[in-house]
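*Asks:* Take a look at the following structure, please.
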Amino acid sequence: MMSGSNPTLATLFLLLILFSMTCFTKSNPIFCPLLEKQSLLTLKNSLQDPDHELSSWDGEVSCCSWKGVVCNNSTGHVHELHLHGLKGPINPSLHNLKYLRYLDLSLNNFRQTIPSFIGSSFPNLEYLNLSFSGFHGKVPHNIGNLSYLQSLDLAGFPYMVSIDQLKYHSLDLVRAPQMAFADVVKCPNLLHVDSLEWLSGLSKLEYLNMNYVNLSKATGDWLQVINTAVLPSLLQLHLQNCSLDYIADPLYNVTSSLTHLDLSSNNFHSFSVPAWIFQLNNLLYLDLRNNSFIGPIPSNTNVARLEYIDLSFNFLNSTIPSWLYSSCMDLEFVVLDFNVLSGTIPPRFTNLCKMRMLSLSNNNFEGKMSDSFGNMSESFLGALEILDLERNQLSGNLIDEFGECKRLEYLILNRNSLSGTIPVNLGKLSSLTILALGGNQFTGNVPESLGQLCNLERLYIFSNKLEGIVTESLLTNLTKLRFLSASQNRLSLKVGRNWIPPFQLEVLGLGWWNLGRGAGSEIPSWLQTQKNILSYLDLSDTGISGTIPSWFWEIQILNLSHNNLHGMIPDIRGSNARFIYLSSNQLEGLLPQIGDHLRELDLSNNSFSGDIAHFLCDGTYGTYSLEILHLGGNQLRGELPDCWFKWPSLRYLSLANNNLVGNIPLSMGFLASLISLNLDNNKLSGQIPFSMHNCSKLGKIGLAGNNLGGNIPTWIGTSLVQLRILILRSNNLSGEISSEICHLNFLQILDLSNNKLSGITPRCLYNFTAMAVKRSLSNLYKVYGSERSWYTYSFFSSGGFIESALIVKKGGKLQYDTLLPLVTSIDLSMNNLSGDIPNELTSLLELGSLNMSGNHLTGSIPENIGCMKQLESLDLSRNTLWGRIPNSLALISSLAYLDLSYNNFTGRIPQGTQLQSFNASSFTGNDLCGPPLTRNCSGDGDGDGDEVRGQKEKNDTTEIEWLYVLLSLGYALGFSVVCTTLVLNKSWRDAYFGLLEWMWTKLYVYATIKWSSLTTPSAPSS
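When we follow UniProt numbering, the leftmost residue of the sequence shown carries the number 1, and every step to the right adds one.
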């Protein structure tokens, strides 16, 4: 019995010893060495501690009990130090902690260089984190002496993109097509290196993070150094935004255990995606976004374990390779946004059982949704959390099966070509927080079932063809709703007069809705319940009337355009508004005074009156931040004030269609950021000031319908090289058109009509290369398109604040806005131009409209005018052109308007379906025949046809031949008699040859004069 109880007693005895040791430890805490304690207190005294992080650092207790300090249980030496939220310089006393293994100085604000003692004082250091602490300057090389280091973090900016960032980054927040993605913005590098050779001493390194450290001076050898020095042991490598611009295959194969690789946001221009990366067979996480990589996604890979891949914001142009949807892949996150990928979305994606996020937005994918997602597997339906297919070319109906994605949080399908009705089954997505269906072609009602989405925070259904009534019952359960963007539909809101919404909105877009047509057209009273956090409000074209409530001026983005609002706008210098759009109302009075934080203001097409000096020259602020100012279509009068130096940020300025007088002030030359200037249809006089040559970013100049005089400035062609639209029609401009204008390679609209210009048409017009190169609207709207900035100025106003131009075309005036980037036009009509039509003009193969009527042009139409296949409108009327109409003109199938009237054209109108379709008035006032004219070409004169002449010549053939025979015989007989007489009689011979010489001289003089008159061309009379 005793022997059987021994083990039990031994166990109890052991537990008693352990308990005693524990009690002893608690009552006898570990004491750190005095030197280390004093060093930490010295460090504390040198730092600022705004958040009281070091409040526990009391000299009366052991430093091992202080917050952020971890000691060795046996020796008491400080092994770990965690310091956060501090400011000030790091005291060198820190170097006394010789036994440190773990040093975390992240999330501070030291604002100094990295102390050099860190690389020399801690020989046992295994973990070093200096990220986000305000360090700047060069990274010390002696960090490479820390031979035991396993983790090194020098990041200067957040390097890991949170799941929320990935969910939101391509989302149309407020009907804005491409909101800036914060993670893509380049921030200044605070730390830099001159070489990476020091990494060779860190052979045990497993984690290296140098995000936002400037490696530009090491860009040539960075890959080789990392490959030879640390990559064999490295598990994670993060080099985001390091100013790297060179990447190529390493000198020998990379054989490492690398699991995480982040090379995002560098400058690898003109490089394809490196093939060696896709041979890293242990890779789990790969981020190569925002690098300008070109070419296809590699098709041969060895990354079977990959869970996360981000190749977004590049120029990849292939289809999706098959390995990305291989059944053996464990992919959970696939992000390929903002490329030029094409083809269809492979349906086999829906077989990946772990897929949580599939983001393919802003590409060229096409096909029907049912073909790509019609057979989703149960595992795919159960795992998917995010589906983002925004801005592609997907079509067809939205399938009901999406309602079975129980974990789906974000369904983003904005700006495709989806049609049909919104599926009722979407109301079953209880986890859904974002539903984005805007910019499609959905029809029918908004399903009542959407009212069951109790977790919904953002609903985007803008720019569809929805109709019907939205009632209180649909909105009752949407208590978490913060964004409701539903403008540009034909919906009606039917709620009670005293309705109080269950939500608090930040964004509300109800443009085009029926809120006020009919009885009770005031601004809805329930809006006042949203005023606490509402930052965006679009009630454009809703029929509301009355005055604008005072609290509206606190809304940052306000769009009330195209309504029946009246009254005056108060002084809004102290408001929070940053974007105000009030065009096409009945507002009146003086222009309001504004604050320096307002960015965009559109008050066009109202009844504002008075001068604008008090608005532009207000002395409250030295300068203003306004970028868009549209005051066109009002009753403003007076002179343009000379205080434009106060508006340096202006990009768009329109004062068109007012009653402004006087000269264009010199201070307009201070508008260095100006892209669009619109002063059409005023009463401005004087000359275009030379100071405006400083406005070098101008893309449009509109000065039509004024009284401007002088010559067209030559500096327009040499200084405004980005100019695309130049409209100077209906002024008093004189002189010749300088050849300097031909430097405007981007010019696509030139209108100099109805002036007093003289001289010849410049022959260098072929330099207008924008009129010779084919243009595609879909390409122009791409994110990376350089064209975008000059005609789209704002994403917040209804439909976007887009450049527009009034073009005289096809015999009338046409307004262009959305299609403006594709319009090409030259109008030189109603001037005093002379000379011929330059043959060089026909090299503008993409020119859509040419008007040179009402001048004094001579010569003929260039024979190769048929090369201008895109010509839609051609007007050469009221000149003195002559000759035949070129046959090639009948080959321009796009020609929809033609006027050649009142010239001196002769002959047959070339036959072809195109020219014969025009009215006879297009050819009147000439000497032409043939359809569509009633004059038959079988008449005499210039109108004789080839066929008539041919038949006449055939009938007279026999008669002409007999005449030649008789003449020949008579000539032979007479010649023989005369020759015999002259041979026999000398006096007759002398007299004959003397008479022959005299007659020859007379005949020669006559023939010379006659020939000269026949070969010297003269212009036909009018």
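Yeah, the Cβ is synthetic: ideal placement off N, Cα and C, and Gly gets one too. Computed from a prediction, not measured in an experiment: that's the story for all the values here.
1) Using a Cβ-Cβ cutoff of less than 6 Å, which residues in the same chain neighbour L286 once the five nearest sequence positions on both sides are dropped?
2) A772 by DSSP, collapsed to three states: which one?
3) Identify the residues that DSSP records as bridge partners of K683: which are they?
4) Throw me the rounded Cβ distance for the P33 and G76 pair, which I believe falls under 8 Å.
5) Would you call C617 buried or exposed, if buried means 16 or more other Cβ atoms sit within 10 Å of its Cβ?
6) If I follow the unbroken beta strand (DSSP E) through V225, where does it start and stop?
7) Classify L171 as helix, strand or coil using the three-state DSSP reduction.
8) So does the region 864-875 actually touch the region 891-901, counting three or more Cβ pairs closer than 8 Å?
9) Can a CB atom of chain B be found closer than 7 Å to the CB of L744?
10) Exposed or buried, which one is residue 1078 when buried takes at least 16 other CB atoms within 10 Å?
11) Between G134 and R111, is the Cβ-Cβ spacing less than 7 Å?
12) Between the C-alpha atoms of N887 and D827, what's the straight-line distance to the nearest angstrom?
13) Express the C-alpha separation of K204 and M1 in angstroms, rounding to a whole number.
14) Quick check on F533: buried or exposed, where buried means 16 or more other Cβ atoms within 10 Å of its Cβ?
15) Let's test the definition: count the other Cβ atoms within 10 Å of the Cβ of D388 and tell me whether it reaches 16, buried, or not, exposed.
16) Which residues in the same chain have their Cβ closer than 8 Å to the Cβ of T934, if we skip the five residues on either side of it in sequence?
17) Which value, in whole angstroms, describes the spacing of the CA atoms of E206 and L235?
18) So the candidates are A805, P296, Y766; which of them puts its Cα closest to the Cα of D751?
19) Along the chain, which unbroken stretches of the beta strand (DSSP E) at least 3 residues long are found entirely within the region 240-299?
20) Do I422 and R458 count as a contact pair if the criterion is CB distance below 7 Å?
21) With DSSP as the reference, label V948 as helix, strand or coil.
22) Could you compute how far the alpha carbon of L850 sits from the alpha carbon of S825?
23) Can you look up R356 in the DSSP assignment and give me helix, strand or coil?
24) Determine, using beta-carbon pairs with one atom in the region 639-646 and one in the region 584-604, whether at least three such pairs fall under 8 Å.
25) Is it the case that the region 742-751 contacts the region 767-777, given that we only count it when at least three CB pairs across the two stretches are under 8 Å?
26) For D400, does the count of other Cβ atoms within 10 angstroms reach 16, so buried, or fall short, so exposed?
27) Taking the Cβ atom as the reference point for each residue, do L474 and N440 lie within a distance shorter than 7 Å?
28) Can you round the beta-carbon distance between L674 and Q687 to whole angstroms, since I take them to be within the 8 Å contact cut?
29) Along the chain, where does the alpha helix (DSSP H) containing D371 start, and where does it finish?
30) Look at S200 and A229 and say whether their C-beta atoms are less than 7 Å apart.
31) Which runs of the alpha helix (DSSP H) spanning at least 4 residues fall entirely within the region 73-122, listed in chain order?
32) Do you know offhand how far F365's Cα is from I345's?
33) Give the range of the beta strand (DSSP E) segment to which S395 is assigned.
34) Within the same chain, show all residues whose beta-carbon is closer than 8 Å to that of S1013, passing over the 5 residues directly before and after it, in chain order.
35) Helix, strand or coil for G930? Go by DSSP, reduced to three states.
*Replies:* Let me lay it out:
1) L261, I309
2) coil
3) V661
4) 6 Å
5) exposed
6) Per DSSP, V225 belongs to no beta strand (DSSP E); it is in the alpha helix (DSSP H), 222-229.
7) Confidence at L171 is low in this model, with a pLDDT of 41, below 50, so the placement of that residue should be treated as unreliable; the coordinate-derived value is given next. Three-state result, L171: coil.
8) yes
9) The structure shown contains no chain B; it holds only a single protein chain.
10) This structure cannot speak to residue 1078, because the chain is shown only from 1 to 1022.
11) yes
12) 24 Å
13) Bear in mind that a pLDDT of 40 at M1, under 50, signals an unreliable position, so the number given afterwards is only what the model happens to contain. If I take the Cα positions, the gap works out to 57 Å.
14) A small correction: the amino acid at residue 533 is Ile; Phe does not occupy that position in the sequence shown. Result: exposed.
15) buried
16) A920
17) 5 Å
18) A805
19) 260-262, 285-287
20) no
21) With a pLDDT of 36 at V948, under the threshold of 50, the modelled position of this residue cannot be trusted; read the value that follows with caution. Correct three-state label for V948: helix.
22) 6 Å
23) coil
24) no
25) yes
26) exposed
27) no
28) Actually they are not in contact, since the Cβ atoms of L674 and Q687 sit about 19 Å apart, beyond 8 Å.
29) 369-373
30) yes
31) 118-121
32) 7 Å
33) 393-397
34) Legend: pLDDT at S1013 = 44, less than 50; position of this residue unreliable, value from coordinates given subsequently. Excluding positions up to five away in sequence, the list is empty.
35) coil
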